[in-house]
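What follows is a single structure, written as C-alpha cells, with notes after it.
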Amino acid sequence: MLQGYWWIIVSLLAAILVFLMFVQGGQTLLKQLTKTDKERSILINSIGRKWDLTFTTLVTFGGAFFASFPLFYSTSFGGAYWVWMLILFSFIIQAVSYEYRTKANNFLGTKTYDVFLLINGILGTILVGAAVGTFFTGSEFSVDRMNITIASDPVISRWETATHGLEAALNITNLALGLAVFFLARVLAMLYFINNIDNENIVRRSVKIVRLCSGMFLVFFLLFAGLLLTKEGFAVDAASGKVFMEPFKYFHNLIEMPVVLVLFLLGLVGVLYGIFLGAFKTSGKGIWFAGAGTILTVFALLMLAGFNNTAFYPSTYDLQSSLTIYNASSSKYTLTAMSWVSLLVPFVIAYIWYTWKSMSKKKVSESDLENDTMAY
Amino acid sequence: MEQFSVELVDWSRAQFALTAIYHWFFVPLTLGLSFIVAFMHSIYYKTGDEKWKNMTKFWMKLFGINFAIGVATGIILEFEFGTNWSNYSWIVGDIFGAPLAIEGIVAFFLESTFIAVMFFGWGRVSKKFHMMSSWLVAFGSNLSALWILVANAWMQNPVGTKFNMDTARNEMISFFDVALSSTAIFKFTHTISQAYVIGSLFVIAVSAWYLLKKRHLLFAKQSILIASVFGLVSAVCVAFTGDSSAYDVAQKQPMKLAAMEGLYDGEQNADLYAFGFLNNRKDNSNFKGIRIPSMLSIMAYRDPNAFVAGVNDILNGNEAQGILPTETRMEKGRIAIQALADYTLAKKAGDKELAQQKYIEFEENYAHFGYGFFQDKEEVVPHVKLTFYSFHIMVGFGLFFIALFAWLLYASMKNKLEKHKWVLRLSVWSLLFGYIASELGWLVAEIGRQPWTIQDILPVGAATSHLSVGNVQTTFFLFLALFTVLLIAEIKIMVFQIRKGPEKGGSHV
C-alpha cells in the first residue's frame, strides 16, 4: 500500500519533470528560432525563468526515489554510472549558463555557454528517456544482500557490464523513448514560446518547426509504444515473489488496469490536441493541453512499469535480482513518516502555480527586457 | 569484473571531497547573503527609497552569480551518494534518504520558485509579494541546509535506527530522534551561523574595497553597518555553537576529539593546546606551544577533573575508563558479521531456533559491527595532524572575526571607517580567511570522523560502489576541470560586477 503510494509520488515527479523539460527542448532551438541577439535574449529569458524549477524537480525526484526505493538508488546510480554521470555533467553546465552567458568578463564567451545549453538539451532529454526505457527493457546487474557479510568485498549491488549503463543507449526501445522525449521537449518548448513570448518572428518560426518536430516525436513515440506493448515483460509471481518473463506483459498491464489505460489515452489526446492548438491555431493554450497530456502519459507509463505485479527495474543478468516496488522500498516506518511530509505537495504545487501565473501576466518581449537590469 | 580495492575507496572519497569542497565555496555565501538581501529589500519596501533599491539589486545580482554554481555542485553531491556510495545508499538509505526527500519537497521548491520572482519580479508583481519572495528565498535556502545537515549529523551520531537482519540494512525507528538529535541541532546552528559570517564578510570586503577606492561611500558605509551587526551576532553564535559541538563530539566521537586536539594519551585535567605545533611522536610529548590547563576537560565534559580519552586509549583500550581495545571491537564486529551471515542461511533453511540464536548473537555485538570490516586497528585513526591544524586555524579565525565585526560596528557608528585604512585592507582579506575557516570546519568534521561513513556502523571501505578505479578517476578529473573552469568564470564575472559598482545594479556586456 505505502510502496504503491510512493511509486505514484515518484512517478508523478518524473512525469512533471518530463513536462518541465520543455526548458531543455528550448535550449536546442536557440539557433532555429532566433536570428538576432535580441531574439536570443527573449528566448533565453523566457525559459530562463523556469530552468531552476526543472532542475529542482530533478533533484527532488532523485531525493524522493532515494528515500522511498533506496535499492534502486543503490543499484542504478552505482551501476549505470556513466549514464547518470553524463546526465549530471549536462546539468552542471546548464545551471551556470543562463546566469553567465551574457555577463561581462564571463571567461568562456557567450557561444560556449550556448553550446552548454545545447548539450544539456540533447543529452539531458535523450539520456533521461533512455534511462527510463531500461525500466521496461532491463539491465545487467545482480543484487545479493549476503555480500555485506563478505568483509573483503561487501558491495550488495553489482553491475555486470563494464560499460556501466552506456549499453542502454544501444537498445532500440530505450533509444526510441530517448528520442521521443527529446522531440517532445522541443515540441513543448515551442508551444511554451507561443504562449509566453511576444515576438512575431519567434512565434512564426515556432509554429512552423513545431509541426516537423511533432511528426518526429510521434514516429519515435509510436515506435516505442509499439515495441513496449508487444514485448515480453518482467512479471512477478504475487505468491512467491519470483520474477518471470511474460509475453505482452505491458499490454496486459494496460488492459488489466483500466484507469491507467484511460490516463494513457487521455494523455495522448491531450498532447495531440495541444500540438494542434499550437501548430494550427497559433494558440497559447497548446502548452497547457500538451503539458497536462505529457504528465498523464508519462505517469501512465510508469504505472505500467511498477504496478500489477511487475518488476520496475528488471535485471536481465539475473531475473531474481530484479527490483520491485516491494523488495526495493524503504521500511514501513520511513514511508509513513515521509507520507506525512508528502501532504505538503499540493501546497507546494499551489504556490508554484500562483507564482507562475503572477510572473506570466506579461509576455516576454523586447521592450520588457530593455529596462530589466536583472535579465539574463 | 571490477575488483574491490582500497584505491577505489580513496578515489571515491577524493571525488566526494572535491565536490563537497567546491559546493562549500558557494553555499555559505548563498545562505548569508540571502538574508542580507531580504533585509535590504525590506528597507526599500518600507521607505521606497531608490538608494535601497539599488543596494538590494546590486547584492542580489552577486547573489545570483554565486547561486547558480552552488546549485550545479549541489546536485552532484546528492547523486554521488548513489553513484559512488552504492552500498551506503542501501544500508542507510532508509534513514538518510528521508531528510534528502524532505529537503527537496519542502525547501528546494520554495527556493527555486521564489528566486525567479525575486530576480525578475521588479515591476511584474506587487512590491509586497516581491519583498516576501526575497524572504522566502532566504528561508528556503536555510531550510535546505537544515535537512542536509540533519542527514550529515545522523552519519556522525546514528540515533533513532535499528539494523534489520532480514533486509540487511539500518531502518529508522524514530524520525524525531534523527531530526532533533543534539548533533543535528549543533551542526545546523554552527554551520548556518558561520555561513552568515561569510555573507557578512563578503559584503564587508566589497564595501571596504569601495571605501579604499573612495567610491560609493554612502552605499559602502551602510552596507558595512548592516553586515557588521549581522556578522557580529552570527560570529558570537558560531563560537557558542562551536563549543557545544565540541562537547557533543567528545561524547559521540571521542576519536575525532582526540585528533582535533592531537591528544594521544588520555588524561584527567587535560590541557587545551591553544597555539603551537605537533611533531610526529605518538604520545603527549607531541606538542610544542601554549597550553591552557584543564581546558580540554572543561570543553569536553564541563569538568576540569574529567578524563579525556586520547588516540592510544581508544586504540589499545583503557580498562579503568571502560574503553575497549580496538582489536576487541574488531573481533566482536566479525562475530556480528558472521552472525548476520549465519542468521540469513538459517532463515533460508527454515531453522528458526538457530536463526533466533544468531539474532541474539548479532544484537549483543552490533555496537561493534563496523569494526568487523577492518584488517588493522590503525585503520580507525583519522589523519591527526590535518584534523588538529584545521581545527585550530578555524578557531583562531573565528575569534578574529568577532573582533573584526565588533570594531567595524564601532567604527561605523562613530563614522570612523575611512580613518583606519589598514583595517579596511584587512577587511578585504578577511573574506579569504572566512572561506578558509569555513572549509577547514568541514575538514575537521569529515576528516576527523574517518574511517566512518556511519560512526561505528559502516566504514568507508564497506560503503562504496562496485566500480573500477579508472571510472572514478576519470570522473574525478572531469569534475576537477569543470568545477575549476566554472569557479574561474564565477570569480571573473563577480569581480567585474563589483568593479562596476552598484549604481547600475550590474549589467550586461
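If you read the protein sequences in the order shown, they are chains W and R.
When we follow our numbering, the leftmost residue of the first sequence carries the number 861, and every step to the right adds one.
When we follow our numbering, the leftmost residue of the second sequence carries the number 193, and every step to the right adds one.
Even for Gly, the Cβ is constructed at its ideal location relative to N, Cα and C.
- Secondary structure of W:L1183 (DSSP, three-state): strand.
- Interface annotation, R:A360: in contact with chain W, CB-CB separation under 7 Å.
- Closest by C-alpha distance to W:G1127, out of W:F1159, W:L903, W:K1141, is W:F1159.
- Taking 7 Å as the cut-off, the Cβ atoms of R:Y237 and R:T248 do not count as close.
- Pairing R:I685 with W:G969, the inter-Cα distance amounts to about 11 Å.
- Here W:L1179 is actually not in contact with W:F1172; their C-beta atoms are around 14 Å apart, not less than 8 Å.
- In the displayed model, W:S1220 falls within coil according to three-state DSSP, outside both helix and strand.
- In the three-state reduction of the DSSP assignment, R:I649 falls in the coil class, being assigned neither a helical nor a strand state.
- Boundaries cannot be given for R:R641, as no alpha helix (DSSP H) includes it and DSSP labels it neither H nor E.
- DSSP assignment within the region 553 to 617 of chain R yields the following whole alpha helix (DSSP H) runs of 4 residues or more, N-terminal first: 576 to 605.
- By the Cβ test, the region 448 to 458 of chain R is not in contact with the region 275 to 285 of chain R, since fewer than three Cβ pairs between them sit closer than 8 Å.
- Annotation for R:T353: the continuous beta strand (DSSP E) segment containing it runs 353 to 356.
- Looking at the DSSP output, R:E363 sits in a beta bridge with R:K354.
- The shortest C-alpha to C-alpha distance from R:D369 to any of R:L672, R:T353, R:K577, R:Q642 is the one to R:T353.
- Exclusion of the five residues before and after R:D495 leaves S489 as the residues of its chain whose Cβ lies within less than 8 Å of its Cβ.
- In summary, the residues of the region 931 to 948 of chain W whose CB is separated from some CB of chain R by less than 8 Å are L931, Y933, S934, T935, S936, F937, G938, G939, Y941, W942, W944, M945, L948, in the order they occur in the chain.
- Judged by beta-carbon spacing, R:E303 lies within the 7 Å limit of R:S333, meaning their Cβ atoms are closer than that value.
- Against chain W, the beta carbon of R:H658 has neighbours under 8 Å at G938, G939, V1015, S1017, R1018, W1019, listed in chain order.
- From the beta-carbon of W:E959, the residues of chain R found nearer than 7 Å are G256, I257, A260.
- For W:S1017, the beta-bridge partners assigned by DSSP are W:V1003.
- Note that the C-beta distance between R:F312 and W:R909 is below 7 Å.
- The beta-carbon of R:G626 is placed no less than 7 Å from the nearest beta-carbon of chain W.
- Closer than 8 Å at the C-beta level to chain W, one finds no residue of the region 611 to 642 of chain R.
- Beta-bridge pairing by DSSP links R:Q460 to R:F499.
- In this structure, DSSP gives R:Y237 a helical state, which the three-state scheme calls helix.
- Among the residues of the region 279 to 300 of chain R, those with a Cβ less than 9 Å away from any Cβ of chain W are N279, Y280, S281, W282, I283, V284, G285, D286, I287, F288, G289, A290, P291, L292, A293, I294, E295, G296, I297, V298, F300, in the order of the chain.
- Taking a contact as a CB-CB distance under 8 Å, the pair R:E682 and R:I257 counts as one, their CB atoms being some 6 Å apart.
- When secondary structure is reduced to three states using DSSP, R:N510 falls in the strand class.
- R:F597 sits close to R:G423, with the two beta carbons spaced by under 7 Å.
- Judged by their CB atoms, R:G458 and R:V500 are nearer to each other than the 7 Å cut-off.
- Minimum Cα-Cα distance from W:L1089 among the listed residues W:N1113, W:L873, W:I1069, W:L931 corresponds to W:N1113.
- The Cβ-Cβ distance between R:A492 and R:A442 falls below 7 Å.
- Counting only Cβ-Cβ distances below 8 Å, R:I268 has contacts in chain W at L948, I952, in chain order.
- When DSSP reads this structure, W:E1106 sits in a beta bridge with W:G1093.
- DSSP lists R:F479 as the bridge partner or partners of R:L470.
- Contact with chain W is absent for R:K243, since none of that chain's Cβ atoms lies less than 7 Å from the residue's Cβ.
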